[in-house]
Amino acid sequence: MGVMICFSFGGGDDHPLSDRAYWDEHMRDSLHMPNGGAAVLVNILCLSGGRLAETESQKRMMVYLAEQNQTALGLGNVDLDIDCLPWDRAHFAEDKAFMLRVIEGARQKLGWETLCDRYEPNAERVKYYLDGYQVLMERMTEADIKDEVLTEWLDWHDPDEPPKCGFPKCSKHDAYIALYGCQVCMD
Ligand SMILES: [Zn+2]
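My numbering applies: residue 149 is where the sequence shown begins, and numbers increase by one.
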């Protein structure tokens with residue numbers, strides 16, 4: 149089945165399948181990729197963001213991405229829709245700029261030297277994924293933030309789990325570790 153990334157996980161609930169205009173808008177710019185492609189996209193975003201995140205809200209974004217680990221959750225069972233990220237309204241503008249820098253860093257192969265003993269991401273595929281992810285990321289506005297996404301995500305974690313235990317990193321990949329470990333090591 150693969151993984152589909154949309155701008156918004158939101159809708160659906162109160163929109164009948166026959167509402168074509170709604171679904172056309174919901175699916176606009178959506179990015180389809182094989183499961184392995186989604187793992188690669190998360191790998192390179194984690195490598196880039198591990199080197200670029202400075203603030204707590206930025207590190208939370210990277211922990212969220214590292215949780216999208218198909219080895220832990222099952223193939224295809226990840227949620228990369230843009231408004232599923234734990235956006236913090238108080239830091240929205242700087243955090244959106246940060247996410248765009250993470251994407252650009254991935255284009256510049258930030259941290260890829262740590263992958264050398266595993267694989268070399270396919271340049272053409274990576275460009276397609278990053279370009280598509282960037283188009284979706286650029287659509288995000290403060291008005292799209294659903295505050296409960298952040299609060300529910302934080303509530304779901306125990307105090308001794310990332311993102312509540314001081315943002316540990318993988319010593320090999322310099323990526324932020326999530327509940328299940330380092331996504332780059334595992335997936
Ligand atoms: Zn690692």
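We put the beta carbon where it would ideally sit given N, CA and C, even for glycine.
Check	Outcome
Sufficient close CB pairs (3 or more, under 8 Å) joining the region 181 to 201 to the region 266 to 281	yes
Continuous alpha helix (DSSP H) stretch holding Val250: start and end	240 to 255
Distance cut-off 7 Å: Lys320 Cβ against heavy atoms of ligand 1	yes
Outcome for Trp235 when other beta-carbon atoms lying within 10 angstroms are tallied against a minimum of 16	buried
Bridge partners - Gly329, DSSP secondary structure assignment	Ala326
Strand pairing of His180, partner residues [DSSP]	Met152
Any non-hydrogen atom of ligand 1 closer than 7 Å to Ala254 Cβ	no
Residue from His180, Ile153, Gln256 with nearest C-alpha to Arg199	Gln256
Any non-hydrogen atom of ligand 1 closer than 7 Å to Val211 Cβ	no
Nearest-angstrom beta carbon gap, Leu195 and Ala326 [assumed within contact, 8 Å]	Incorrect: roughly 14 Å between the Cβ atoms, too far for contact.
Beta bridge counterpart(s) of Lys317 as assigned by DSSP	Tyr324
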